[in-house]
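Single-structure report; data block below.
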Amino acid sequence: MRERTDGEGFATRAIHAGERPDPTTHAHNTPIYATATFAFDTAAEKEAAVDRALEWDPTSYFYSRTGNPTNRALEEKVASLEGAEDCVVSSSGMAAVASTLFAHLAAGDHIVVGDELFAITRVLWEDDLPRRGIAVSTVDMCDLAAVEAAIRPATKILFMETSTNPRLRMPDLPALAGLAHRHALLVVADNTFLGPALFRPLEHGADLVLHAATKYLSGHGDAVSGVVSGPKALLDPIRKQVDTFGQAASPFSSFLVLRGVRTLPLRSEKGSANAAALAAFLEGHEKVEWVRYPGLASHPDHAVASRLLGDRHGAMVTFKPRGGVEAMAAFTDHLALCDIAVSLGDVFTLVYPRPKDGGIVRVSVGCEDVADLVADFTLGLSFVA
Ligand SMILES: *Cc1c(COP(=O)(O)O)cnc(C)c1O
407 MRERTDGEGF
417 ATRAIHAGER
427 PDPTTHAHNT
437 PIYATATFAF
447 DTAAEKEAAV
457 DRALEWDPTS
467 YFYSRTGNPT
477 NRALEEKVAS
487 LEGAEDCVVS
497 SSGMAAVAST
507 LFAHLAAGDH
517 IVVGDELFAI
527 TRVLWEDDLP
537 RRGIAVSTVD
547 MCDLAAVEAA
557 IRPATKILFM
567 ETSTNPRLRM
577 PDLPALAGLA
587 HRHALLVVAD
597 NTFLGPALFR
607 PLEHGADLVL
617 HAATKYLSGH
627 GDAVSGVVSG
637 PKALLDPIRK
647 QVDTFGQAAS
657 PFSSFLVLRG
667 VRTLPLRSEK
677 GSANAAALAA
687 FLEGHEKVEW
697 VRYPGLASHP
707 DHAVASRLLG
717 DRHGAMVTFK
727 PRGGVEAMAA
737 FTDHLALCDI
747 AVSLGDVFTL
757 VYPRPKDGGI
767 VRVSVGCEDV
777 ADLVADFTLG
787 LSFVA
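Printed below as a string of structure tokens:
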């Protein structure tokens, strides 16, 4: 067999890592291993495979809830991109969040979480964790003194989003990780809003990084999937939790995400450039009250974001048309190109109006030609009184 390499650069690994021609058929593309079970020649071979799988060797296949080769290809690709020892794929971003927390928390423990978090993650803090005897404190992750004050002797985890929803605040991860590690806490970063082409939390002190792969990793809005990456010792309990909670990824979803990740670097560049241009356009528009984009000097975390991200600040923009909820709806309901939809990280630009936040609009900027986006936003804003 020829020596094979995944290459060194991020874009090369986004394409090559985890993927090889199929050894039996020589199919070049990674197949969808649509199988529930795996067959063995002998009882002894079956026993060895089961034992290895249940010691969390992710390449020992005997049943697809526990391990599957298409899922494994995605795990190897994402681990390479994160600079992680290993990765666990699961059925959704929420499966990654929930299995990570339930694997590393027990009754009597305490967790400190960011005060602006993805809405369904918030249900975990407000309901599922407290119901199981796990105490939760929410705190502004951009206020280091407040984070330190929230830590108790029972605290086990500091959980944060690297770019928050919807105001796109960017906590200073290296400073938070330094603080957390002085208190022997695990730092878990949900990096969904940025993706690993723009930011890799493990390089900045996080112990575990997770994503809704549904978003930037897939990039095409065609799959629901989650990934968590880090050292194998921290991932084995999560792999077990995914197995026992029945949160296994579908090989079909993993196939779609594998295909998506190959263009993540290209989409991240284009999305960031489009978002920067659209944010600048919105900031200069008379019908716009304010714009939040980490690349704008007006953003409260512009300095932190520039230090951690360089000159690409992500593809999410949040803004408020002048005039509250009515203005918000006047804008969104007259767009002719961009769709009103939840979710993000798609090549299609998606706008998500938030009337309960006073009429702000969150924009997941896609990979269209930016002139078409500016034209559509100009049209929408022309209907704002
Ligand atoms: C979407 C999202 C999730 C959950 O992912 P699903 O795949 O929808 O379960 C978690 N965190 C953040 C920040 C998200 O945007």
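Numbering (this note's numbering), first residue to last: 407 to 791.
Every residue gets a Cβ at the ideal spot worked out from N, C-alpha and C, and that includes glycine.
Determine the DSSP secondary structure at residue i, reduced to helix, strand or coil.
{"i": "V780", "result": "helix"}
{"i": "R668", "result": "coil"}
{"i": "L600", "result": "coil"}
{"i": "S635", "result": "strand"}
{"i": "H740", "result": "coil"}
{"i": "A721", "result": "coil"}
{"i": "A485", "result": "helix"}
{"i": "E732", "result": "helix"}
{"i": "E425", "result": "coil"}
{"i": "I540", "result": "coil"}
{"i": "M547", "result": "coil"}
{"i": "E522", "result": "coil"}
{"i": "T561", "result": "strand"}
{"i": "D649", "result": "helix"}
{"i": "V594", "result": "strand"}
{"i": "H434", "result": "coil"}
{"i": "E386", "result": "Since the first and last residues shown for the chain are 407 and 791, residue 386 lies out of range."}
{"i": "P819", "result": "The displayed coordinates of the chain run from 407 to 791. Any statement about residue 819 would go beyond what the structure contains."}
{"i": "H617", "result": "strand"}
{"i": "H516", "result": "strand"}
{"i": "S678", "result": "helix"}
{"i": "V503", "result": "helix"}
{"i": "D534", "result": "helix"}
Which value, in whole angstroms, describes the spacing of the CA atoms of residue i and residue j?
{"i": "L591", "j": "Y622", "result": "28 angstroms"}
{"i": "I526", "j": "M500", "result": "8 angstroms"}
{"i": "G415", "j": "K483", "result": "13 angstroms"}
{"i": "C548", "j": "L523", "result": "13 angstroms"}
{"i": "R645", "j": "V494", "result": "6 angstroms"}
{"i": "F687", "j": "A736", "result": "18 angstroms"}
{"i": "P706", "j": "G520", "result": "17 angstroms"}
{"i": "D613", "j": "K693", "result": "43 angstroms"}
{"i": "S794", "j": "S635", "result": "What the structure shows of the chain is the stretch from 407 to 791, and residue 794 is not part of that stretch, so it cannot be assessed."}
{"i": "L579", "j": "H610", "result": "6 angstroms"}
{"i": "G690", "j": "L672", "result": "28 angstroms"}
{"i": "M576", "j": "H740", "result": "31 angstroms"}
{"i": "A504", "j": "P643", "result": "12 angstroms"}
{"i": "R665", "j": "A552", "result": "42 angstroms"}
{"i": "D745", "j": "V757", "result": "6 angstroms"}
{"i": "R426", "j": "T465", "result": "15 angstroms"}
{"i": "G473", "j": "A417", "result": "27 angstroms"}
{"i": "A581", "j": "R768", "result": "28 angstroms"}
{"i": "T506", "j": "G632", "result": "11 angstroms"}
{"i": "G802", "j": "R558", "result": "Because the chain spans 407 through 791 in this model, residue 802 falls outside it and cannot be assessed."}
{"i": "A586", "j": "T561", "result": "10 angstroms"}
{"i": "T512", "j": "R528", "result": "Correcting the residue type first, residue 512 is Ala in the shown sequence and not Thr. Their Cα atoms are separated by approximately 18 angstroms."}
{"i": "G652", "j": "L535", "result": "19 angstroms"}
{"i": "F408", "j": "D447", "result": "The question names Phe, but residue 408 is Arg in the sequence shown. Taking the straight line from one Cα to the other gives about 28 angstroms."}
Among the options, which has the Cα closest to the Cα of residue i?
{"i": "F468", "options": "K676, F605, A445, S631", "result": "A445"}
{"i": "G701", "options": "E692, I438, A681, G413", "result": "A681"}
{"i": "S498", "options": "K726, G539, A629", "result": "A629"}
{"i": "F661", "options": "A420, T476, V456, P464", "result": "T476"}
{"i": "D752", "options": "M734, M722, P759", "result": "M722"}
{"i": "T620", "options": "S656, L641, T448, L608", "result": "S656"}
{"i": "T568", "options": "T465, H617, I540", "result": "H617"}
{"i": "H422", "options": "R458, T755, T669", "result": "T669"}
{"i": "A654", "options": "E451, D428, D412, R478", "result": "R478"}
{"i": "S712", "options": "A485, D534, F605, K452", "result": "F605"}
{"i": "G716", "options": "A603, T724, A639, R760", "result": "A603"}
Can you tell me whether residue i is buried or exposed, with buried defined as 16 or more other CB within 10 angstroms of its CB?
{"i": "S704", "result": "exposed"}
{"i": "K676", "result": "buried"}
{"i": "D782", "result": "buried"}
{"i": "H719", "result": "buried"}
{"i": "T443", "result": "exposed"}
{"i": "S788", "result": "exposed"}
{"i": "L874", "result": "Since the displayed the chain opens at 407 and closes at 791, residue 874 lies outside it and no answer follows."}
{"i": "K762", "result": "exposed"}
{"i": "I563", "result": "buried"}
{"i": "N435", "result": "exposed"}
{"i": "H516", "result": "buried"}
{"i": "W462", "result": "buried"}
{"i": "I766", "result": "buried"}
{"i": "H510", "result": "buried"}
{"i": "F658", "result": "exposed"}
{"i": "V347", "result": "Examination of residue 347 is not possible in this model, given that the chain is present from 407 through 791 alone."}
{"i": "E488", "result": "buried"}
{"i": "R698", "result": "buried"}
{"i": "V748", "result": "exposed"}
So is residue i in contact with chain D if we call contact Cβ pairs under 7 angstroms?
{"i": "C744", "result": "Given the protein chain composition of this structure (a single chain), no chain D is represented."}
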